[in-house]
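**Student:** In our numbering, each residue carries its 1-based index in the sequence shown increased by 84. Ideal placement from N, C-alpha and C gives every residue a C-beta, glycine not left out. Computed from a prediction, not measured in an experiment: that's the story for all the values here. Submitted below is the structure of interest, expressed as structure tokens.
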Amino acid sequence: MNDLTSYFTLHHADCVDVLPQIPDNSIDTIFADPPYFLSNGGISVQSGKQVCVDKGDWDKGGTPEHIYNFNRRWLELCRPKLKDNGTIWISGTYHNIFTVQRCLQELGYKILNIITWQKTDPPPNLSCRYFNFSTELIIWARKSEKVPHKFNYEVMKHLNGDKQMTDVWRLPAVGKWEKTCGKHPTQKPLRLLYRIILASTDEDGTILDPFAGSSTTGIAANLLGRNYIGIEKEKEFYDLSIARRNELQDSEKRQKLLDNIRKTENCATVLVNHARKELRELMIEKGLCYLRAGDSKGSLQVTPGFERMKYVLLHTNGDHCQMFKLKKEGTFQIWTKENLEKYGFSPEHSTHYIVLHFDNKPLEIMKTPQSLKQRLNTYKARLYPLTDIC
Ligand SMILES: C[S@@+](CC[C@H](N)C(=O)[O-])C[C@H]1O[C@@H](n2cnc3c(N)ncnc32)[C@H](O)[C@@H]1O
């Protein structure tokens with residue numbers, strides 16, 4: 085592990101004021117997560133609760149013209165700061181990303197890829213009038229049309245089990261383990277920044293983030309032995325960034341972050357099943373976990389991730405919480421209601437059920453995950469990376 089000699093420079097200011105002071109041709113990669121302009125009173129779900137999507141005044145929607153002028157200004161200031169083979173990554177959703185794309189092209193950048201970050205556990209869409217939003221887009225572009233850019237192709241291939249990495253990245257949202265100093269309302273996962281930095285820089289390189297937030301970029305950069313320059317205009321997030329950076333001084337904490345980051349999408353996944361006390365106990369006795377399937381409203385769909393499932397966590401209001409190992413990783417059967425009744429269950433909600441077999445010897449988990457208390461639907465099942473639970 086590197087001994088944290090790389091620098092972490094954070095400006096508490098508006099990026100438009102600081103960017104001109106950064107020397108030209110000095111930056112290897114820019115990662116920017118600008119305001120999405122979507123804080124307009126909508127609703128979403130967080131930890132099972134309905135929440136307002138407003139992130140803060142910095143994210144309130146402007147007119148299309150305002151959004152265009154804003155993006156064009158900072159993108160224009162960023163370009164000369166990049167080395168000739170340097171690249172820029174900008175994350176966003178449809179609210180801002182098409183404007184960003186237009187500005188990039190107008191300013192002479194060359195677009196290389198549009199990465200789709202597919203969230204493995206997106207919150208549900210409450211209105212039920214749209215497909216569920218489960219992705220964010222990240223535009224990757226280089227400084228110049230003609231000059232070749234830095235890309236650590238082999239490193240990405242290696243990360244992807246020696247297969248060429250595609251432009252769809254399946255990664256979970258921010259885990260609890262990366263919010264130990266508090267959280268930013270639009271914090272990006274360290275795993276995402278880790279991959280971006282590894283793809284486009286070498287050790288000792290310099291990464292700039294003009295909209296630092298909680299400095300996820302800086303934390304990933306320093307963990308990877310890269311230097312960081314961040315700019316954040318809100319004091320609260322500036323302070324959060326400094327607290328996160330201070331945490332890196334502790335080599336044990338640093339190692340834990342790295343271990344969690346490296347257990348990426350290939351890490352074991354846990355299916356979380358919330359059941360009434362009696363039902364949970366019957367499940368444990370029989371070594372069977374069942375979830376309703378079929379066509380009833382709210383029924384479980386077998387989504388990508390099921391195949392990686394290794395454990396099942398049964399709980400009742402989060403108070404009684406036990407984890408079991410599946411007899412065979414990623415397998416399940418579809419049983420009829422009648423079949424389940426033969427095993428002593430009394431299913432009521434569907435004609436067909438997904439059934440998983442586990443060894444009914446509970447495994448130790450370090451602590452009961454707090455957020456489980458908030459999930460009220462008895463039959464709702466969720467898939468989590470093990471690292472987000474233990
Ligand atoms: C989408 S968030 C970035 C979150 C960050 N990627 C993280 O992981 O924590 C955008 C951040 O940019 C900051 N911001 C908005 N306008 C800014 C500006 N003109 N200059 C500097 N920071 C700005 C906001 O305060 C907010 O924290």
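1. Out of Pro118, Asn216, Phe235 and Asp286, which one is the CA nearest neighbour of Gln271?
2. Would you call Leu447 buried or exposed, if buried means 16 or more other Cβ atoms sit within 10 Å of its Cβ?
3. With a threshold of 16 other CB atoms inside 10 Å of the CB of Gly382, please say whether the residue is buried or exposed.
4. From what residue to what residue does the alpha helix (DSSP H) around Tyr322 run?
5. In terms of alpha-carbon separation, which member of Ile222, Cys162 and Asn169 lies closest to Thr177?
6. Using a Cβ-Cβ distance under 8 Å, would Lys165 count as near chain B?
7. Which residues bound the beta strand (DSSP E) around Trp419?
8. Please indicate yes or no: does the CB of Phe321 lie closer than 7 Å to some heavy atom of ligand 2?
9. Should Thr250 go down as buried or exposed, given a rule of 16 or more other Cβ atoms within 10 Å for buried?
10. Residue range of the beta strand (DSSP E) that Phe408 falls in?
11. Measuring alpha carbon to alpha carbon, tell me which of Thr183, Gly192 and His179 ends up nearest Leu166.
12. Say yes only if the C-beta of Phe295 is nearer than 7 Å to one or more non-hydrogen atoms of ligand 1, and no if none qualify.
13. Would you tell me roughly how many angstroms separate the C-alpha atoms of Thr300 and Thr290, rounded to the nearest one?
14. Leaving aside the five residues before and after Tyr468 along the sequence, list all residues of the same chain whose C-beta is less than 7 Å from its C-beta, in chain order.
15. Hey, out of Val102, Asp288, Ala377 and Ile368, whose CA is closest to Leu308's CA?
16. If you draw a straight line from the C-alpha of Leu282 to the C-alpha of Ile473, how long is it?
17. Taking the straight line between their C-alpha atoms, what separation do you get for Glu349 and Leu255?
18. Cβ atoms of Cys162 and Ile114: under 8 Å apart, would you say?
19. Run through DSSP, which three-state label would Tyr237 get?
20. Which residues bound the alpha helix (DSSP H) around Arg346?
21. The beta strand (DSSP E) spanning His436 covers which residue range?
22. From the DSSP output, read off the bridge partner residues of Trp173.
23. Please find out if some non-hydrogen atom of ligand 1 comes closer than 7 Å to the beta-carbon of Lys317.
24. Grouping DSSP H, G and I as helix and E and B as strand, with all else coil, what is Thr93?
25. In whole angstroms, what separates the C-alpha of Lys230 from that of Asn169?
26. For Gly382, which of helix, strand or coil comes out of DSSP?
27. Going straight from the alpha carbon of His233 to that of Trp224, what length do you get?
28. Quick check on the burial criterion: 16 or more other C-beta atoms within 10 angstroms. Buried or exposed for Ile438?
29. Within a Cβ cutoff of 6 Å, which residues of the same chain sit near His179, ignoring the five residues on either side of it in sequence?
30. Measure how close the beta-carbons of Thr171 and Leu196 come, nearest whole angstrom, since I'm counting them as under 8 Å.
**Tutor:** The short version:
1. Minimum Cα-Cα distance from Gln271 among the listed residues Pro118, Asn216, Phe235 and Asp286 corresponds to Pro118.
2. Leu447 counts as exposed, since fewer than 16 other beta carbons sit within 10 angstroms of its beta carbon.
3. Caution applies to Gly382, whose pLDDT of 47 falls short of 50 and renders its modelled position unreliable; the model cannot decide the point.
4. Boundaries of the alpha helix (DSSP H) harbouring Tyr322: Lys319 to Glu331, taken from the DSSP string.
5. Ile222
6. Given the protein chain composition of this structure (a single chain), no chain B is represented.
7. Gln417 to Thr420
8. This structure lacks ligand 2; the ligands present are ligand 1.
9. exposed
10. His404 to Lys409
11. Gly192
12. yes
13. 15 Å
14. Asp205, Thr353, Val354 and Val356
15. Asp288
16. If you take the alpha carbons of Leu282 and Ile473, they lie about 26 Å apart.
17. Per-residue confidence for Glu349 stands at a pLDDT of 49, beneath the threshold of 50, marking its modelled position as unreliable; the derived number appears in the next sentence. When rounded, the distance between both Cα atoms is 6 Å.
18. yes
19. helix
20. Ser335 to Arg346
21. In the DSSP annotation of this structure, the continuous segment of the beta strand (DSSP E) that includes His436 starts and ends at His436 to His441.
22. Phe115 and Trp224
23. Look at Lys317: its beta carbon is less than 7 Å from one of the heavy atoms in ligand 1.
24. strand
25. 10 Å
26. With a pLDDT of only 47 at Gly382, under the threshold of 50, the placement of this residue in the model should not be trusted; the figure read from the coordinates follows. Three-state result, Gly382: coil.
27. Between His233 and Trp224, the alpha-carbon positions lie close to 11 Å from each other.
28. Ile438 is buried by the Cβ-count criterion.
29. Tyr120, Phe121 and Leu122
30. For Thr171 against Leu196, the beta-carbon gap comes to about 7 Å, under 8 Å, which counts as contact.
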